[in-house]
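Quick note: the sequence shown, position 49, residue 49 per the working numbering, numbers continuous.
The beta carbon of each residue, even a glycine, is placed where N, CA and C say it ideally should be.
Predicted model, so just to flag it, every value in this text is computed and none were measured.
Accompanying notes for the structure given below.
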Amino acid sequence: MTLRHLEIFLAVCRSLSMTEAAQQLNMSQPAVSKAVRELEDFYHVSLFDRVSRKLFLTSEGETLMNYASTILSQYEESVVCLRDASVFRTCRLSVNVSVAETRLDQICQEIMKEIPDIDLRITVNNSAVIGEMLHGNECDLAVIDRRDDPMLESIPLFEEELVLTASDSYWSKDKITAEEVLSVRLLLREAGSGNRSCIDPWLREISFPVSKSWQCSSDEVLMHMAEEGYGIAVLPKSYVLKSSRLHPVTVPGVSFVRHFYLVYLLNKYLNRTAEQCRDVIAGCFKNETAVKI
1 MTLRHLEIFL AVCRSLSMTE AAQQLNMSQP AVSKAVRELE DFYHVSLFDR VSRKLFLTSE
61 GETLMNYAST ILSQYEESVV CLRDASVFRT CRLSVNVSVA ETRLDQICQE IMKEIPDIDL
121 RITVNNSAVI GEMLHGNECD LAVIDRRDDP MLESIPLFEE ELVLTASDSY WSKDKITAEE
181 VLSVRLLLRE AGSGNRSCID PWLREISFPV SKSWQCSSDE VLMHMAEEGY GIAVLPKSYV
241 LKSSRLHPVT VPGVSFVRHF YLVYLLNKYL NRTAEQCRDV IAGCFKNETA VKI
């Protein structure tokens, strides 16, 4: 088995087509099929189910896909690191939108103070996209609100409550029942964000028609929309506390808590600067509420 086998396998995983993978790699389709068969022979497993001339990853195939992504990204990183000494001063940090709008300044100040010569590179996106970036070696460290990926190492940082919040002009009461929620407009973060992942199970439980909600990729914008009376927003509690025009709206017996973690790819090589950055970020929140494991 060679790195080329893994490159071919990942191309097939992305397209779920031997023919398309062959075109992408400028290879013949039989050569691609042969490489996949050799991998299956090597591991003694079936990597794809072949149903009605379509390919579907098996559970063994999904496992190898995760490992192959890690192996190839670390190989590519080793080439870059050994050819460019400046890389050793670099740390690529990704944070989700909620963290960017409430905590990023604190994180950056602490990092710059403790590691003055760092080449810090910041990316902001939702948690789902950041997970893909970690696997694609597009970032070294991330602060997100999920730890459900077995390929990620995680360090608990802090937790924050999500609350329903509204202006008096839209919903003047401080409570709302699940039945009443069905009749209002909810202002929600986009699918794939940690905010939505936290509240989606409850929305499904009460059969809330998400298609009728207003959705946005920024908590800050949702806060302003709620202040103007366009609906009830689902926001981190810190947003409610800083707005004099909003009040929390509780659902009796229901609460939403997001747990935030510092994560990085399992067994990923972290250069000295990235290791320092990891330790500094973990130290930023040592006095915060501990994450419940």
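- Residue pairing by DSSP puts S154 in a beta bridge opposite V263.
- T90 is bridged by DSSP to D119.
- Taking the CA atoms as reference points, M27 sits about 13 Å from H5.
- Of the residues E227, P150, S172, the one whose Cα lies closest to the Cα of N267 is P150.
- With a 10 Å radius around the Cβ and a threshold of 16 neighbouring Cβ atoms, F9 comes out buried.
- Cβ-Cβ distances below 8 Å link M112 to I118, L120 in the same chain, with the five nearest sequence neighbours on each side left out; the list follows chain order.
- In chain order, H247, P248, V249, T250 place their CB closer than 8 Å to the CB of D174, counting only its own chain and leaving out the 5 sequence neighbours on each side.
- The beta carbon of F42 is closer than 7 Å to those of M1 in its chain, skipping five residues each way along the sequence.
- Rounded to the nearest whole angstrom, the C-alpha separation of L164 and R185 is 11 Å.
- The alpha-carbon separation between G231 and E161 amounts to approximately 19 Å.
- Counting the other CB atoms within 10 Å of its CB gives A233 a total of 16 or more, which places it among the buried residues.
- Just so you know, the alpha carbons of R196 and A22 end up roughly 38 Å apart.
- For Y75, the CB contacts under 7 Å within the same chain, skipping 5 residues up- and downstream, are L3 in chain order.
- Comparing alpha-carbon positions, the option among S183, F88, A11, V32 lying closest to T273 turns out to be F88.
- One alpha carbon belongs to L157, the other to A31, and they sit about 48 Å apart.
- Following the DSSP letters along the chain, one finds C216 inside the beta strand (DSSP E) bounded by residues 214-216.
- Bounds of the beta strand (DSSP E) holding V143 are 141-144.
- When C-alpha distances from I281 are compared across G131, E205, E110, D140, the shortest belongs to E110.
- For D49, the enclosing beta strand (DSSP E) starts and ends at 48-51.
- Residue pairing of I232 in beta bridges, as defined by DSSP: L186.
- Under the three-state reduction of DSSP, T58 is assigned to coil, being neither helix nor strand.
- One Cα belongs to L57, the other to R14, and the distance between them is close to 10 Å.
- By the C-beta density criterion, G136 is exposed, having fewer than 16 other C-beta atoms within 10 angstroms.
- The beta-carbon distance between I107 and C284, rounded to whole angstroms, is 6 Å. This is short enough to meet the 8 Å contact definition.
- When C-alpha distances from V97 are compared across C216, I155, A35, the shortest belongs to C216.
- For P30, the enclosing alpha helix (DSSP H) starts and ends at 29-43.
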